[in-house]
Amino acid sequence: MAAGSAVEATAGSMSPSEASSSCSVVGAAAVLDFNHTSSYEQAMSSPAWHVEAVRGRRPKMEDAYCHGTVTIRVQGSAASGQQQQQQQQVMVGGCFDGHGGDFVAKYLARNIPDRICSRLSGSSVSSSSVAAALSAAFTDLDQELHAKRAASLKGSTALVALVTSSTIHISSCGDSRAIIINKASAIQPVEDHTPTREDEQARIRAAGGQVFYRNGCRVMGALAMSRAIGDHALRPYGVIADPDVAHYARRPGDEFLLLASDGLWGALGNQVSRNTGAAASAAHRAPHARVQGADTRQHRSSPTIACIAGTIFVSV
C-alpha cells in the first residue's frame with residue numbers, strides 16, 4: 207500500500223506486491239466475511255456506507271465486499287499551461303457474489319480498489335477514462351486468476367461503483383445489480399448479464415456455447431450468468447469477463463445507491479426494494495429492512511443475499 211494508507215480487513219490484508227503505490231483505501235473494511243446475518247456501517251462525511259448480509263440456507267457465505275476512499279493522482283493544468291499532478295478522492299464500493307467457493311469474490315474485493323486507482327492514475331476522472339479503467343481492472347484481475355489457474359471451475363460477479371461529487375460510475379459483470387434510488391424512481395443503470403437475455407444467448411451461441419434450462423437458463427447447463435470473473439473452463443463457450451459501464455449524473459432528489467447480489471433482487475425486485483427504502487425511517491436502516499425482508503421470502507434452495515448501500519445526499 208502507499209505510505210499513509212490503511213486497510214482494515216476481517217479476512218486478510220493486501221500484500222505489498224498486490225497494492226498500487228498511487229492509491230490508498232481508507233476508513234473501510236477491504237473484505238467483509240459474514241456467517242449468517244451481519245452488518246457493517248461506516249459513517250463518512252458523504253456518502254455514508256452501510257453493509258448488510260444474510261447467508262440464507264446455504265452452508266457458507268460466498269459473497270465479499272469492499273468500500274472506502276481512493277486517492278487518485280490525476281492530471282491538472284497549471285496556470286503556465288504545463289501539466290501538473292493533482293489528487294482527487296473518489297468513493298469506491300464493490301459487491302462480489304462468488305460461486306464454487308468464496309476465493310474469487312474475496313480476491314476481487316481485496317484487489318480491485320487499487321487496480322482501478324492504478325489504471326486511473328495520471329488521467330482525468332472523466333466518464334471515458336473511468337470506463338476504460340474499470341474495464342481494464344476487471345480484465346487484469348481475471349487474467350491474473352487465469353495465470354494462477356485458480357478459477358477454472360469457480361468465479362464471481364463483479365459490481366463496482368465509483369462515486370464522485372458529480373457522477374456515479376457503475377461497472378458490472380454478472381447478475382449482481384445496482385440501483386439508484388431517488389424521490390421519483392428506482393433507476394437501474396446496467397442490465398443483468400444472464401443467459402435469459404436474447405442478446406447474451408446470441409453471443410454465447412456465436413462463441414460455440416449453448417444455453418440449457420436446468421433450474422433456470424444456464425450456460426452449458428452449468429452457470430446461471432452469462433458473464434463472470436473466473437469460470438475459465440467456460441470461456442470457450444461464451445462466458446466472458448467484460449463489464450458494462452454506465453455513468454449517472456447526480457441530481458437533486460437522489461437518496462442512495464444500492465448494490466446487491468441476485469438473492470435480494472429475486473426476492474424483492476427493484477420497485478419493492480425502493481418502497482422498502484422509502485418506508486425506512488433513516489437511510490442507513492434501509493439495507494437492513496431490505497435484506498431481512500428478502501430473507502423471509504427465501505426457500506430452501508435460495509441464493510445468498512448480500513448488499514452494500516450508501517446514502518448519497520446531493521447538495522442542491
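The sequence shown lines up with residues 207 to 522 when you count with this note's numbering.
Backbone N, C-alpha and C fix where the C-beta goes; we use that ideal spot for every residue, glycine too.
- Counting other Cβ atoms within 10 Å of its Cβ, Arg457 stays below 16 and is therefore classed as exposed.
- If the five residues before and after Gln295 are omitted, its C-beta is found closer than 6 Å to the C-beta atoms of Thr275, Thr277, all from its own chain and listed in chain order.
- For Ala356, the three-state secondary structure derived from DSSP is coil.
- Rounded to the nearest angstrom, the gap between the Cα atoms of Ala439 and Ala447 is 13 Å.
- Between Ala413 and Gly436, the gap from beta carbon to beta carbon reaches 8 Å or more.
- A direct Cα-Cα distance of roughly 24 Å separates Tyr313 from Ile385.
- Secondary structure note for Arg325: its alpha helix (DSSP H) is the uninterrupted segment 309-326.
- Taking C-beta separations shorter than 7 Å and ignoring five residues to either side along the sequence, the partners of Gly361 in its chain run His305, Gly306, Val310, Ala434, Ile435, Gly436, Asp437, following chain order.
- The three-state reading of DSSP puts Val425 in strand, counting E and B together.
- Inclusion of Asp303 and Ser382 in the CB contact set at 8 Å is warranted, their separation being smaller than that value.
- Apart from the 5 residues on each side of it in sequence, Asp348 sits with its Cβ closer than 6 Å to the Cβ of Ile435, Ala447 in its chain, given in chain order.
- Annotation: the continuous beta strand (DSSP E) that includes Arg383 extends over 383-388.
- Looking at His273, Arg424, His453, Phe462, the one whose alpha-carbon comes closest to that of Pro395 is His453.
- Comparing alpha carbon positions, the residue from Glu268, Cys272, Ala353 closest to Leu365 is Cys272.
- A straight line joining the alpha-carbon of Asn388 with that of Gly427 spans about 38 Å.
- The beta carbon of Ala430 lies closer than 6 Å to those of Gly422, Arg424 in the same chain, with the five residues before and after it left out.
- Taking a contact to require three or more Cβ pairs closer than 8 Å, the region 315-322 and the region 339-356 qualify as touching.
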